[in-house]
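Peer 1:
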Amino acid sequence: MRSPALSSNRHFGLEWLWSPARRSIAYALPLLMAVALVLYLYPDTFLAGHGRFFEGGDAASHVSGWLFFEQDHWHFPLLKTDRLNYPDGISIAFTDSIPLLALPLKLFAGVLPAGFHYFGLWHAICYLLQAAAAVFVIRSLGIRHLPGALLAAGFALIWPALTHRLGHTALMTQGLLLLALGTYLRGHSETWSVRRTCTAFIAITASALLVHPYLFAMSYPLLLVYLVSQWWAGSLDLKRACLWLAGSLAVLFILLLAGGYLIGKGAAAGGFGIYSLNLLSPFCGGLLCSNHYATPGQDEGFNYLGAGVLLLLATSALLEPRAFLRSAARHRYLLLALLALTLYAASNKVFVGQHELLDIHLPRFAEALAGIFRVSGRFFWLVGYSILFFVLAVLLRRRSLALLLLMSGALALQWYDTRPLRDRVLFQTRLPTTVDIAPWRTALAGFEEIDVYPAYGCSLPPTTDDDYVRYQYLAAQLGLRINTGYTARAATDCTKKNRLVDGPALPGHLYVKLGHLHNSLDLPPLFRTALNAGRCMLDSQHLICMNIRPSQSWATVATPLDRRNSDLRIRWKAEQLPSLIGQLRNGRLVPRKQGEAGYLSYGPYIALSEGVYSYRINYLSDADETMTVGTWDIVGQDAGGHFVTLSNGPLAGTHGELRPVAGMVALKAPLQKVELRLLSNGADLQLSDLEISSGLPTPQTAQRAAD
2 MRSPALSSNR
12 HFGLEWLWSP
22 ARRSIAYALP
32 LLMAVALVLY
42 LYPDTFLAGH
52 GRFFEGGDAA
62 SHVSGWLFFE
72 QDHWHFPLLK
82 TDRLNYPDGI
92 SIAFTDSIPL
102 LALPLKLFAG
112 VLPAGFHYFG
122 LWHAICYLLQ
132 AAAAVFVIRS
142 LGIRHLPGAL
152 LAAGFALIWP
162 ALTHRLGHTA
172 LMTQGLLLLA
182 LGTYLRGHSE
192 TWSVRRTCTA
202 FIAITASALL
212 VHPYLFAMSY
222 PLLLVYLVSQ
232 WWAGSLDLKR
242 ACLWLAGSLA
252 VLFILLLAGG
262 YLIGKGAAAG
272 GFGIYSLNLL
282 SPFCGGLLCS
292 NHYATPGQDE
302 GFNYLGAGVL
312 LLLATSALLE
322 PRAFLRSAAR
332 HRYLLLALLA
342 LTLYAASNKV
352 FVGQHELLDI
362 HLPRFAEALA
372 GIFRVSGRFF
382 WLVGYSILFF
392 VLAVLLRRRS
402 LALLLLMSGA
412 LALQWYDTRP
422 LRDRVLFQTR
432 LPTTVDIAPW
442 RTALAGFEEI
452 DVYPAYGCSL
462 PPTTDDDYVR
472 YQYLAAQLGL
482 RINTGYTARA
492 ATDCTKKNRL
502 VDGPALPGHL
512 YVKLGHLHNS
522 LDLPPLFRTA
532 LNAGRCMLDS
542 QHLICMNIRP
552 SQSWATVATP
562 LDRRNSDLRI
572 RWKAEQLPSL
582 IGQLRNGRLV
592 PRKQGEAGYL
602 SYGPYIALSE
612 GVYSYRINYL
622 SDADETMTVG
632 TWDIVGQDAG
642 GHFVTLSNGP
652 LAGTHGELRP
662 VAGMVALKAP
672 LQKVELRLLS
682 NGADLQLSDL
692 EISSGLPTPQ
702 TAQRAAD
């Protein structure tokens, strides 16, 4: 007897909907959908690699990594360039420059247009791969009719975690995860042989590593799941399983070694638990509820399933509750792997919204191991995709016209729900370029290198990653070297890297002191000398200097600056300073409670280079001059992290008059986190302001400060 759904389909003459579609049609139409979406989201200029998107942030790092690599000769490891982070060099695997495409394109470096890069075009490749891989997965689940292919591609193309990843081009290549999932399904169902399945897995995981290591880390577990499930089922003996595992690991090791992935400070990095999955993330981020992240990094764990998928998930649970149990039993090892990925994504600090559910202390070795992939929230991507395709397969097997209409409506709901994500893409990909390379090319004609101080990884706020990216991008576009760079997990010897500012300015080098306007006191000898000689200019908030006076061409890119109009003095008002016991009253810091002792002020945590500095503390106290009301000191941290006391002394009463404590200190080496602190002993003490100023070092002032 025919089912009611099938009889209804025959009655309306719709049997063709459930007929297996030819492979060419099943893939061609979803690919056309992908092309249409790409043309809707991305303007031609973006696909060609132009626009503000590529000039800052991670995207500029990706672009510059490729350009440095393209301009350089071949090295071993193959992905190494010494034009970035000169002279030590770095692998462009650490600039996320998609080595899978960079390696073959470097062979054609001589014929590529100047400044060419592929990161705009890669977005189109990602969507085409996403559509094709979605069809591959749904057909691997036994759904071979055309509606299944179209629905699978439709949901995959507007998948929230995919659209959200704009800004990190390599991580948009999530179609590789779908290929790995489909390969597992075909191998598990024995549609493919063990040899074909394992060979495909090795190719996919190797490609994933050459696109981004996180994609490798998410796809490789599926190979392990497949080998274990086949061995347990008796389809693969233990020896052959171990041989395939060893072969995959051998390929992995060769790629890591030849690609330079082992260059740097090591695999681990801090921050595990910050970039985690919030347990509300699969359900919040759209119509139902907004995101309420508990840590600053949980946006990396954005994993919203979408209102349409949540509707289908509820529908499938109502109509086919046993289907999930059957799938769980059939794919028990896959289910265990997905649970493990979910636990890792949530990390050792588990949050539901802004409420902490669990905080597990990890031993140091476990924390270091987890830090290899510290942005753990991304590991839910494979889980989310698995939910999507298993739900689609459960519903599409029913061959119901009513259900098909419901699923189409769910796709429309998903499109509407994820509209804000696409609006962000539409906005950011249409921003016009803001960096005019031409005047920089004229100004830097004859230059060979940009030297940035402090080197990346050696600075304190307010210096940002974008400050480094700016000069990294300029150097790459102009064919110059740069001594540092915004890269992942680079090993930086700060003392060695920053030593260049102790010597004279070299011909052909542009020297950049980042964040000069934020801290004009921190001027190493090279910058002090150049500033005094009128060889410096101001680029935004950064000081740029050279060994000659800037020519007229520099006026188009920077503001003139000399010793006379540069204020080497910083004043902090009372309201700008942190306090443990104080409060503001009439513009001064005073103890909250009468008789309370403790730090009335501390900070401001600035960096100071070697040199001579003047300090001034303006305070008052109602106490008599013969009474000590507190103490003051100037402290900082040296390169080894040890505290250094530069000067200290008592604070006496002032009879209610504002008086200064002033003096000079000499630094024989740079210090970080310099503080000028006031410690109250419980007597009346009121702080008005602090001031530190810098003068050019001379033997007389240095001797005076030392005395």
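Take any residue in the sequence shown, note its place counting from 1, add 1, and you have its number in my numbering. Even for Gly, the Cβ is constructed at its ideal location relative to N, Cα and C. Fair warning: this is a prediction, and the values are worked out from it, not measured in the lab.
1. So, phenylalanine 69 versus arginine 84, is the Cβ gap smaller than 8 Å?
2. Skipping 5 residues on each side, what residues in its chain have a beta carbon closer than 7 Å to that of glutamine 542?
3. For glutamine 584, which three-state DSSP category applies?
4. Throw me the rounded Cβ distance for the phenylalanine 156 and glutamine 415 pair, which I believe falls under 8 Å.
5. Under the DSSP definition of a beta bridge, which residues are partnered with phenylalanine 644?
6. Within a Cβ cutoff of 7 Å, which residues of the same chain sit near glycine 307, ignoring the five residues on either side of it in sequence?
7. Pull up the distance between the alpha-carbon of histidine 510 and that of glycine 168, whole angstroms please.
8. May I have the straight-line CA-CA distance separating arginine 187 from proline 463, to the nearest angstrom?
9. Looking only at its chain, what residues have a beta carbon closer than 7 Å to the beta carbon of glycine 683, apart from the 5 residues adjacent to it on each side?
10. Excluding five sequence neighbours on each side, which residues of the same chain lie with their C-beta closer than 6 Å to the C-beta of serine 98?
11. Round the Cβ separation of tyrosine 294 and asparagine 304 to the nearest angstrom and send it over; I've been treating them as touching at under 8 Å.
12. At what residue ranges does the stretch 348 to 425 contain a whole run of the beta strand (DSSP E), taking only runs of 3 or more?
13. Give me, in chain order, the residues of the same chain whose beta-carbon lies closer than 6 Å to that of leucine 312; leave out the 5 immediate sequence neighbours on both sides.
14. Based on the DSSP output, what are the partners of serine 92 in its beta bridges?
15. Could you compute how far the alpha carbon of serine 681 sits from the alpha carbon of proline 283?
16. Pick from Leu178, Pro44, Leu581: whose alpha carbon is nearest that of histidine 124?
17. Pick helix, strand or coil for isoleucine 571, following the three-state DSSP scheme.
18. So is serine 20 buried or exposed if we call it buried at 16+ other beta carbons inside 10 Å?
19. Under three-state DSSP, which class holds serine 236?
20. If you drop the 5 nearest sequence neighbours on each side, which residues of the same chain put their C-beta closer than 6 Å to that of aspartate 623?
21. Identify whether alanine 207 lies in helix, strand or coil by the three-state DSSP scheme.
22. Using CA atoms only, rank isn't needed, just tell me which of Arg593, Ala150, Ser610 is closest to arginine 529.
23. Glycine 378 and glycine 302 - do their beta-carbons sit closer together than 8 Å?
24. Using alpha carbons as the reference points, say which of Glu692, Val36, Tyr600 lies closest to asparagine 619.
25. Residues bridged to cysteine 546 by DSSP?
26. Touching or not, the stretch 128 to 141 and the stretch 174 to 182, by the rule of three or more beta carbon pairs under 8 Å?
27. Alpha carbon to alpha carbon, how far is arginine 570 from alanine 608?
28. Can you tell me whether tyrosine 185 is helix, strand or coil according to DSSP?
29. Just list the beta strand (DSSP E) runs in the stretch 429 to 488, keeping only unbroken ones of 3 residues or longer that don't cross its boundaries, in chain order.
30. Beta-carbon separation of isoleucine 545 and valine 513 under 8 Å?
31. Tell me the rounded alpha-carbon separation between alanine 663 and isoleucine 635.
32. Give the DSSP bridge partners of tyrosine 614, in chain order.
33. Could you check where the alpha helix (DSSP H) with glutamine 131 kicks off and where it finishes?
34. How far does the alpha helix (DSSP H) with alanine 110 in it extend, from its first residue to its last?
35. Considering only residues of the same chain and omitting the five flanking positions on each side of leucine 432, which have a CB-CB separation below 8 Å?
36. Glycine 654 and aspartate 690 look like a contact to me (Cβ under 8 Å); what is the Cβ gap, rounded to whole Å?
Peer 2: Straight from the coordinates:
1. yes
2. Gly516, His517, Leu518, His519
3. strand
4. That pair is a contact at about 6 Å.
5. For phenylalanine 644, which the question treats as bridged, DSSP gives the partners Gln638.
6. Pro161, Gly287, Gln415, Asp418, Thr419
7. 31 Å
8. So the alpha carbons of these two residues sit roughly 52 Å apart.
9. Gly596, Glu597, Ala598
10. His63, Gly66, Trp67
11. The Cβ separation is near 12 Å, so there is no contact.
12. 350 to 353, 356 to 360
13. Excluding positions up to five away in sequence, the list reads Ala411.
14. Lys81
15. When the Cα atoms are used, serine 681 and proline 283 turn out to be separated by approximately 52 Å.
16. Pro44
17. strand
18. exposed
19. coil
20. Gly657, Asp685
21. For alanine 207, the secondary structure class from DSSP, reduced to helix, strand or coil, is helix.
22. Ser610
23. yes
24. Glu692
25. Tyr512, Cys537
26. yes
27. 13 Å
28. helix
29. 450 to 454
30. yes
31. 12 Å
32. Val666, Ser695
33. 120 to 141
34. Counting along the chain, alanine 110 falls outside any alpha helix (DSSP H), and DSSP gives it neither H nor E.
35. Gly52, Arg53, Phe54
36. No, glycine 654 and aspartate 690 are not in contact; Cβ-Cβ is about 19 Å, not under 8 Å.
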